[in-house]
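For reference, the structure is listed below as structure tokens.
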Amino acid sequence: MLISKEAYNKLNNEYKDLITVKRPYILQKLEENRPFGCFNDSQTEYLQIIDEQTQIEKRISELSSIISSCQIYVAKTPRKDKDGNIVIGFGSTIEIRDENNVIKKYKILSIYDSDITNGIISIEAPIIKEMIGLQVGDFFEFNNKEYEILTIEYI
688 MLISKEAYNK LNNEYKDLIT VKRPYILQKL EENRPFGCFN DSQTEYLQII
738 DEQTQIEKRI SELSSIISSC QIYVAKTPRK DKDGNIVIGF GSTIEIRDEN
788 NVIKKYKILS IYDSDITNGI ISIEAPIIKE MIGLQVGDFF EFNNKEYEIL
838 TIEYI
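Under my numbering, the first residue of the sequence shown carries the number 688, and numbering increases by one thereafter.
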């Protein structure tokens with residue numbers, strides 16, 4: 688899976704924080720709150736701490752899997768089709784116009800980079816899946832609207 692250097696660093700920092708800060712903290716809380724004797728309020732708190740530990744361990748596992756299987760995207764030459772035309776792909780910045788002449792600009796990256804408020808959209812997004820491999824001037828339909836590809840840049 689391709690991922691930007693920024694997203695990789697963000698995930699890696701979260702992983703390191705979980706391993707070096709949050710996991711030791713929760714293990715210490717577990718030790719301090721280990722219940723003795725019959726069920727009481729402290730045992731309820733202990734069960735909540737166990738649940739928190741489970742969530743931390745689950746996220747550590749998820750992050751470990753993502754980090755070990757991803758490949759950091761390095762901007763390269765634009766993706767081209769067999770005729771040498773630049774086409775939409777991972778890492779491209781595109782402008783599209785809908786049938787109402789509304790123009791939108793997106794940078795296509797991974798789901799871990801996605802930030803729609805800043806124009807960064809996942810390559811997994813349904814609208815992007817419709818555009819992969821298209822070139823400037825091509826039209827496509829999505830959600831009963833027609834769009835035109837205006838620009839494709841790899842920056």
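Glycine included, each C-beta is placed from N, C-alpha and C at the ideal position.
- Between K794 and T780, the C-beta spacing is below 9 Å.
- With a cut-off of 8 Å on Cβ pairs, the region 770–777 is in contact with the region 824–841, counting three or more such pairs.
- A distance below 8 Å between beta-carbons, with the five flanking residues on each side excluded, links Y702 to the following residues of its chain, in chain order: I747, L750, S751, I754.
- If you check the CB distance, Y760 and L689 come in under 9 Å.
- Residue environment for L714: exposed (fewer than 16 other C-beta atoms within 10 angstroms of its C-beta).
- Within the region 724–765, the alpha helix (DSSP H) runs of at least 4 residues that lie entirely inside it are, in chain order, 728–756.
- With 16 or more other Cβ atoms inside 10 Å of its own Cβ, A694 counts as buried.
- Judged by beta-carbon spacing, E744 lies beyond the 9 Å limit of E786, meaning their Cβ atoms are not closer than that value.
- In this structure, the CA atom of G806 is about 22 Å from the CA atom of T764.
- Excluding sequence positions up to five before and after L796, its CB lies within less than 6 Å of the CB of S691, I807, all in the same chain and listed in chain order.
- A straight-line Cα-Cα distance of about 8 Å links Y799 and L698.
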